[in-house]
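Under numbering that gives the first Met the number 0, the residue at position 32 of the sequence shown is numbered 31, and the numbers go up by one with no gaps.
Report on one structure; see the data block that follows.
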Amino acid sequence: MIPIVDVWIDTTGFGTELVPLLRATNQGHLHGSPVLFAVVDGDALLLGGSEAPELVPAAEAMGVRLGVSLEEDRRVALLLARLLDPLGAKRVIAEADVESYPPQGIPRPRTGSVPVGPAVCIQVSSYDVGFSGPPRRFRYCFQGGADGRVIAWAGAEAEKWP
(Lines of atoms letter the chains of each structure in order from A and count residues from 1; the text may use other names and numbers.)
(Lines give C-alpha, C1' and ligand atoms only; values in the text may rest on other atoms or scores of the structure.)
Protein backbone atom coordinates (compact mmCIF):
# COMPACT_ATOMS: atom_id res chain seq x y z
CA MET A 1 0.00 0.00 0.00
CA ILE A 2 1.28 3.46 -0.92
CA PRO A 3 0.74 6.11 1.75
CA ILE A 4 -0.97 9.30 0.68
CA VAL A 5 1.44 12.06 1.62
CA ASP A 6 0.63 15.11 -0.45
CA VAL A 7 -2.23 15.01 -2.93
CA TRP A 8 -2.20 17.56 -5.74
CA ILE A 9 -5.52 18.13 -7.50
CA ASP A 10 -5.70 19.96 -10.80
CA THR A 11 -8.23 20.40 -13.59
CA THR A 12 -7.92 18.35 -16.75
CA GLY A 13 -9.12 20.97 -19.21
CA PHE A 14 -11.66 18.63 -20.82
CA GLY A 15 -14.55 18.74 -18.38
CA THR A 16 -17.69 20.81 -18.72
CA GLU A 17 -19.12 23.70 -16.74
CA LEU A 18 -21.56 21.35 -14.99
CA VAL A 19 -19.16 18.40 -14.64
CA PRO A 20 -15.59 19.35 -13.72
CA LEU A 21 -12.98 16.65 -14.38
CA LEU A 22 -10.11 16.62 -11.95
CA ARG A 23 -6.81 14.77 -11.60
CA ALA A 24 -5.44 13.77 -8.20
CA THR A 25 -1.74 12.97 -7.95
CA ASN A 26 0.01 11.60 -4.89
CA GLN A 27 3.12 13.83 -4.77
CA GLY A 28 4.69 11.54 -2.18
CA HIS A 29 4.98 8.69 -4.69
CA LEU A 30 7.05 9.60 -7.75
CA HIS A 31 5.92 6.82 -10.06
CA GLY A 32 2.27 6.55 -9.05
CA SER A 33 -0.35 7.22 -11.70
CA PRO A 34 -2.88 9.99 -11.16
CA VAL A 35 -6.55 9.24 -10.60
CA LEU A 36 -9.18 11.05 -12.65
CA PHE A 37 -12.59 11.85 -11.25
CA ALA A 38 -15.69 13.77 -12.23
CA VAL A 39 -17.62 15.90 -9.77
CA VAL A 40 -21.35 15.28 -10.23
CA ASP A 41 -23.86 16.84 -7.85
CA GLY A 42 -21.13 17.21 -5.22
CA ASP A 43 -20.03 13.56 -5.46
CA ALA A 44 -16.78 12.28 -6.94
CA LEU A 45 -17.10 9.59 -9.62
CA LEU A 46 -13.82 7.68 -10.00
CA LEU A 47 -12.57 7.32 -13.56
CA GLY A 48 -9.12 6.58 -15.04
CA GLY A 49 -6.50 5.28 -12.64
CA SER A 50 -9.09 3.60 -10.42
CA GLU A 51 -9.91 -0.10 -10.34
CA ALA A 52 -13.60 0.38 -11.17
CA PRO A 53 -14.13 3.47 -13.34
CA GLU A 54 -17.66 4.90 -13.09
CA LEU A 55 -17.79 5.87 -16.76
CA VAL A 56 -21.50 5.34 -17.48
CA PRO A 57 -22.83 7.79 -14.85
CA ALA A 58 -20.08 10.31 -15.69
CA ALA A 59 -20.93 10.15 -19.41
CA GLU A 60 -24.62 10.55 -18.56
CA ALA A 61 -23.94 13.63 -16.42
CA MET A 62 -21.81 15.12 -19.22
CA GLY A 63 -24.63 14.55 -21.71
CA VAL A 64 -22.52 12.71 -24.29
CA ARG A 65 -24.32 10.73 -26.98
CA LEU A 66 -23.19 8.23 -29.60
CA GLY A 67 -24.60 8.11 -33.12
CA VAL A 68 -25.12 11.85 -33.61
CA SER A 69 -22.60 12.03 -36.47
CA LEU A 70 -19.26 10.45 -37.39
CA GLU A 71 -17.45 13.62 -36.31
CA GLU A 72 -19.25 13.64 -32.95
CA ASP A 73 -18.57 9.90 -32.46
CA ARG A 74 -14.85 10.61 -32.94
CA ARG A 75 -14.96 13.41 -30.37
CA VAL A 76 -16.99 11.39 -27.87
CA ALA A 77 -14.87 8.22 -28.25
CA LEU A 78 -11.66 10.18 -27.62
CA LEU A 79 -13.22 11.98 -24.64
CA LEU A 80 -14.38 8.68 -23.11
CA ALA A 81 -10.95 7.11 -23.71
CA ARG A 82 -9.38 10.06 -21.91
CA LEU A 83 -11.77 9.62 -18.99
CA LEU A 84 -10.60 6.00 -18.66
CA ASP A 85 -6.87 6.66 -19.12
CA PRO A 86 -4.86 5.07 -16.30
CA LEU A 87 -1.97 7.50 -16.83
CA GLY A 88 -4.00 10.59 -15.97
CA ALA A 89 -4.97 11.66 -19.50
CA LYS A 90 -2.24 14.25 -19.81
CA ARG A 91 -1.55 13.22 -23.41
CA VAL A 92 -3.88 10.77 -25.18
CA ILE A 93 -3.82 10.51 -28.97
CA ALA A 94 -6.18 8.55 -31.22
CA GLU A 95 -4.19 6.09 -33.35
CA ALA A 96 -6.87 5.64 -36.02
CA ASP A 97 -10.43 6.55 -36.86
CA VAL A 98 -13.27 5.16 -34.75
CA GLU A 99 -14.64 1.76 -35.78
CA SER A 100 -18.08 0.21 -35.70
CA TYR A 101 -18.81 -2.34 -33.01
CA PRO A 102 -17.97 -5.17 -32.25
CA PRO A 103 -14.26 -5.34 -33.07
CA GLN A 104 -12.31 -8.55 -33.34
CA GLY A 105 -11.34 -9.87 -29.92
CA ILE A 106 -13.71 -7.85 -27.72
CA PRO A 107 -17.15 -9.43 -27.16
CA ARG A 108 -20.35 -7.42 -27.48
CA PRO A 109 -21.71 -6.64 -23.98
CA ARG A 110 -25.00 -8.18 -22.97
CA THR A 111 -27.57 -5.47 -22.51
CA GLY A 112 -30.58 -7.56 -21.46
CA SER A 113 -33.82 -5.78 -22.28
CA VAL A 114 -32.12 -2.45 -23.02
CA PRO A 115 -32.50 -1.49 -26.71
CA VAL A 116 -29.05 -1.46 -28.28
CA GLY A 117 -28.07 1.59 -30.30
CA PRO A 118 -24.88 2.95 -31.85
CA ALA A 119 -21.45 1.81 -30.72
CA VAL A 120 -17.86 2.82 -31.47
CA CYS A 121 -14.36 1.57 -30.75
CA ILE A 122 -11.12 3.54 -30.61
CA GLN A 123 -7.46 2.72 -30.05
CA VAL A 124 -5.33 5.37 -28.36
CA SER A 125 -1.75 5.98 -27.27
CA SER A 126 -1.26 7.37 -23.79
CA TYR A 127 1.92 9.05 -22.68
CA ASP A 128 3.22 9.20 -19.12
CA VAL A 129 4.19 12.86 -19.29
CA GLY A 130 7.40 13.66 -17.43
CA PHE A 131 8.80 10.12 -17.62
CA SER A 132 10.78 8.51 -20.39
CA GLY A 133 9.49 5.41 -22.07
CA PRO A 134 7.20 4.43 -24.88
CA PRO A 135 3.50 5.23 -24.82
CA ARG A 136 0.99 2.63 -23.69
CA ARG A 137 -1.75 1.63 -26.12
CA PHE A 138 -5.36 1.02 -25.12
CA ARG A 139 -8.43 -0.10 -27.04
CA TYR A 140 -11.91 0.89 -25.86
CA CYS A 141 -15.42 0.17 -27.15
CA PHE A 142 -18.50 2.10 -26.08
CA GLN A 143 -22.08 0.87 -26.50
CA GLY A 144 -25.00 3.27 -26.67
CA GLY A 145 -28.65 2.62 -25.93
CA ALA A 146 -31.41 3.40 -28.40
CA ASP A 147 -31.11 7.11 -27.50
CA GLY A 148 -27.29 7.12 -27.87
CA ARG A 149 -26.54 7.35 -24.14
CA VAL A 150 -23.52 5.26 -23.11
CA ILE A 151 -24.80 2.08 -21.43
CA ALA A 152 -21.71 -0.15 -21.46
CA TRP A 153 -18.02 -0.15 -22.28
CA ALA A 154 -15.10 -2.54 -22.58
CA GLY A 155 -11.40 -1.82 -22.70
CA ALA A 156 -8.00 -3.43 -22.58
CA GLU A 157 -4.38 -2.54 -23.00
CA ALA A 158 -3.36 -3.26 -26.58
CA GLU A 159 -0.21 -5.16 -27.50
CA LYS A 160 3.06 -3.71 -26.25
CA TRP A 161 5.16 -1.46 -28.44
CA PRO A 162 8.13 -3.22 -30.03
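For every residue, glycine included, the Cβ atom is placed at its ideal position computed from N, Cα and C.
In this structure, Thr24 is the residue among Gly62, Val38, Thr24 with its C-alpha nearest to the C-alpha of Ser32. Just so you know, the alpha carbons of Ala157 and Cys120 end up roughly 13 Å apart. Remark: three or more beta-carbon pairs, one from each stretch, lie closer than 8 Å, so the segment 56-67 and the segment 35-42 are flagged as touching.
Secondary-structure assignment with DSSP links Tyr126 through no beta bridge to anything. If you look at Asp40, you'll find it isn't in any beta strand (DSSP E); DSSP assigns it neither H nor E. In the structure shown, the three-state DSSP call for Arg90 is coil.
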